[in-house]
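Engineer: In this note's numbering, the protein residues as written are -11 to 137. Positions of the beta carbon are idealized from the N, C-alpha and C atoms, including for glycine. Since the structure is predicted, the reported quantities are computational estimates derived from the model, not experimental observations.
1) Measure how close the beta-carbons of residue 2 and residue 46 come, nearest whole angstrom, since I'm counting them as under 8 Å.
2) Below 8 Å on the Cβ atoms is my contact criterion, and I expect residue 54 with residue 28 to pass it. Report the Cβ-Cβ distance as a whole number of Å.
3) Could you pull the start and end residues of the alpha helix (DSSP H) that residue 29 belongs to?
4) Go ahead and label residue 127 buried or exposed: buried means 16 or more other beta carbons lie within 10 angstroms of its beta carbon, across all protein chains shown.
5) Let's test the definition: count the other Cβ atoms within 10 Å of the Cβ of residue 41 and tell me whether it reaches 16, buried, or not, exposed.
6) To the nearest whole angstrom, what separates the beta carbons of residue 68 and residue 26, a pair I think is in contact under 8 Å?
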């Protein structure tokens, strides 16, 4: 049974990355992983330990590593209520990085964050966990509706 679940999660993970890559026109796997890690690690920083544990329990192993991977001891929790606050945090962190920037603009960051979080919800149901602040959840749902139209 566990092998079947692992296999299913692996398939879902591959589909997730293929869809993100296709939607963003990104060919570099390294850059794609950095992008998803940037979103996941900043989401994690906005959650309490209990909320983060709930999200981890829902994610496949690969995503758990990306979600927890950059965690530093004594890391300050972010207070993110709205999508624009998450986008600003991710974009500013990317700009201050010594490594090659992942995001080219705030709009690019916004589109990537919406895409990653909505795909995580589609594949792994993270929004139904109700760990995000209400305004952020509503903004993500609204963005998904607008994208579908």
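Structural biologist: Looking at the atomic coordinates:
1) Actually they are not in contact, since the Cβ atoms of residue 2 and residue 46 sit about 18 Å apart, beyond 8 Å.
2) Contact flag correct, Cβ pair sits at about 5 Å.
3) Residue 29: member of the alpha helix (DSSP H) spanning 17 to 33, first to last residue.
4) Buried is the label assigned to residue 127, since at least 16 other Cβ atoms lie within 10 Å of its Cβ.
5) Residue 41 comes out exposed.
6) Wrong, their Cβ atoms sit about 14 Å apart, outside the cutoff.
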